[in-house]
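Asker: Protein chains in written order, with this note's numbering: chain A, 4 to 141; chain B, -1 to 194.
Built from N, CA and C at the ideal position, the CB exists for glycine as well.
Fair warning: this is a prediction, and the values are worked out from it, not measured in the lab.
Next up is a structure, given as structure tokens.
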Amino acid sequence: MSPIEEQIPAELERRLQGLLEQSVAHVDGHIRSRLNQARQAAVAEATRDRRPALLRAVVLMPAAGALAAAVLVAFVLWPHSAQQVELPVTVMADAGHSMEDLDLLADGDGLDLVSAEEADGSFLEWAADQTDVGETST
Amino acid sequence: MPLAPHGDVKLSDSTSNSQSRALNQFLAGVELKAFKIAQTALRNEDDALDAVQHAMLQLARAYANKPPEEWKPLFYRILENRIRDMQRRRTVRGKVISWLPLRGNEEDDEPDPINQAPSHDPQPPRRLEIAEAMGALERALQGLPRRQQQVFMLRTLEGLDVAETATAMGCSEGSVKTHYFRALQSLRAQLGEFWT
Chain A
4 MSPIEEQIPA ELERRLQGLL EQSVAHVDGH IRSRLNQARQ AAVAEATRDR
54 RPALLRAVVL MPAAGALAAA VLVAFVLWPH SAQQVELPVT VMADAGHSME
104 DLDLLADGDG LDLVSAEEAD GSFLEWAADQ TDVGETST
Chain B
-1 MPLAPHGDVK LSDSTSNSQS RALNQFLAGV ELKAFKIAQT ALRNEDDALD
49 AVQHAMLQLA RAYANKPPEE WKPLFYRILE NRIRDMQRRR TVRGKVISWL
99 PLRGNEEDDE PDPINQAPSH DPQPPRRLEI AEAMGALERA LQGLPRRQQQ
149 VFMLRTLEGL DVAETATAMG CSEGSVKTHY FRALQSLRAQ LGEFWT
């Protein structure tokens, strides 16, 4: 026994211990009841937590693996399908019109001609006549 | 992979059941003392119940698969941490409330006058004597520094040895001995007159 422990009055220690134990023995019934409920909940929690953890590990592992494989396949195939299938159908089918539209929009003179035509249609009539003349002369 | 035979399942079930029984038995053995320790530290019945319930659930969730002989220090470690957290929260709440110019609805903090009214039920003299002595002890305990109070309750009421107490408190064994000695000296100084 260490010198510190030798100095501790054993009689006081015993009396304090006895008093505390008596106070514990006199804890009210409703406190005991609530402690009992808490204990039952804790025991149920221990049982519930362990079993599903094992079951989840066994049952969900194949499903998780299949899901991961499906996601991986979709990820690998998705860029190819987008480039090879969808782009040619949508872009190539309208490629001619799209390019003409772009030229018209980019060409400032074209727009001037259109606005001039709205103001006066004589230029277009003249141009058409010239074309007809050219074709008949050749 | 071969399937587990039924015998393994039964063995697992029986192991789980025996562990549940052991846990139930352990908690039943410590719950009243744990409540008393929490009540002394927190000075509130509901808070003490909350702290004990939290410790029970945490032990069951995190340490139920540990050997039962390790449960007691772990349980009291969880309980002490919970008590400390609750005391800190109270301190912060007290500081915040003290800054508020007007104190609002404090019905929850005020003691219920019905509960505070003296009981007219006759008490046996022995019980009254114990209650008086316990009241004096509680007052003396509440006057102790937190660590001394903690060591005293764990060693005297729960009967943890020095090593277990050190584990539960997260300190050295030398520190436990020092706190315990000082707690007893202080209690003797305060309660000596009451008991002579």
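In angstroms with no decimal places, state the Cα-to-Cα distance between residue 31 (chain A) and residue 70 (chain A).
Answerer: Within the first sequence, numbered from 1, the residue matching residue 31 (chain A) stands at position 28. Within the first sequence, numbered from 1, the residue matching residue 70 (chain A) stands at position 67. Taking the straight line joining both Cα atoms gives about 55 angstroms.
Asker: Once DSSP output is grouped into helix, strand and coil, what is the label at residue 30 (chain A)?
Answerer: Here residue 30 (chain A) refers to the residue found at position 27 when the first sequence is read from its first residue. The answer is coil: DSSP assigns residue 30 (chain A) none of H, G, I, E or B.
Asker: Quick check: what's the CA-CA separation for residue 36 (chain A) versus residue 73 (chain A)?
Answerer: Position 33 of the first sequence holds residue 36 (chain A). Position 70 of the first sequence holds residue 73 (chain A). Roughly 53 angstroms between the two C-alpha positions.
Asker: On the DSSP letters alone, give me the boundaries of the alpha helix (DSSP H) that residue 159 (chain B) sits inside.
Answerer: Here residue 159 (chain B) is taken as the residue at index 161 of the second sequence, counted from 1. Careful: residue 159 (chain B) lies outside any alpha helix (DSSP H) and carries neither H nor E.
Asker: Pick out whichever of B:56, B:51, B:16, B:74 has its Cα sitting closest to the Cα of residue 149 (chain B).
Answerer: By one-based count along the second sequence, residue 149 (chain B) stands at place 151. Comparing Cα-Cα distances from residue 149 (chain B) to each of B:56, B:51, B:16, B:74, the minimum goes to B:74.
Asker: If we define contact as Cβ-Cβ less than 9 angstroms, is residue 22 (chain A) a contact residue for chain B?
Answerer: Position 19 of the first sequence, counted from the first residue, corresponds to residue 22 (chain A). So yes, residue 22 (chain A) belongs to the interface.
Asker: May I ask which residues mark the beginning and end of the alpha helix (DSSP H) holding residue 152 (chain B)?
Answerer: Working through the second sequence from its first residue, we reach residue 152 (chain B) at position 154. Segment: none, residue 152 (chain B) is in no alpha helix (DSSP H) and carries neither H nor E.
Asker: So is residue 65 (chain A) buried or exposed if we call it buried at 16+ other beta carbons inside 10 Å?
Answerer: The sequence position of residue 65 (chain A) within the first sequence is 62, counting from 1. Residue 65 (chain A) comes out exposed.
Asker: At a CB-CB cut-off below 9 angstroms, which residues of chain A make contact with residue 167 (chain B)?
Answerer: Your numbering for residue 167 (chain B) matches position 169 in the second sequence. Here the premise fails: no neighbours, minimum Cβ distance about 17 angstroms.
Asker: Are the CB atoms of residue 46 (chain A) and residue 25 (chain B) nearer to each other than 9 angstroms?
Answerer: Walking along the first sequence from the start, residue 46 (chain A) turns up at place 43. Walking along the second sequence from the start, residue 25 (chain B) turns up at place 27. Yes, Cβ-Cβ distance for residue 46 (chain A) and residue 25 (chain B) is below 9 angstroms.
Asker: Is residue 13 (chain B) helix, strand or coil when you go by DSSP?
Answerer: Here residue 13 (chain B) corresponds to residue number 15 of the second sequence, with the count starting at 1. Residue 13 (chain B) falls in the helix class under three-state DSSP.
Asker: Since residue 43 (chain B) is in the alpha helix (DSSP H), which residue starts that stretch and which ends it?
Answerer: Along the second sequence, read from residue 1 onward, the residue named residue 43 (chain B) stands at position 45. First-last of the alpha helix (DSSP H) with residue 43 (chain B): 43 to 61.
Asker: Given that residue 68 (chain B) touches chain A, what residues does it touch there, using C-beta distances under 7 angstroms?
Answerer: For the purposes of this step, residue 68 (chain B) is taken as the residue at position 70 of the second sequence. The premise fails here: residue 68 (chain B) is roughly 15 angstroms from chain A at the closest Cβ pair, so nothing lies under 7 angstroms.
Asker: Taking the Cβ atom as the reference point for each residue, do residue 158 (chain B) and residue 70 (chain B) lie within a distance shorter than 9 angstroms?
Answerer: Indexing the second sequence from 1 puts residue 158 (chain B) at position 160. Indexing the second sequence from 1 puts residue 70 (chain B) at position 72. Result yes, Cβ atoms of residue 158 (chain B) and residue 70 (chain B) sit closer than 9 angstroms.
Asker: Just to make sure I have the definition right: I need the residues of chain B whose C-beta is within less than 7 angstroms of the C-beta of residue 69 (chain A). Which are they?
Answerer: Within the first sequence, the letter at position 66 stands for residue 69 (chain A). Per Cβ cutoff of 7 angstroms: no residues; residue 69 (chain A) is ~18 angstroms from chain B at best.
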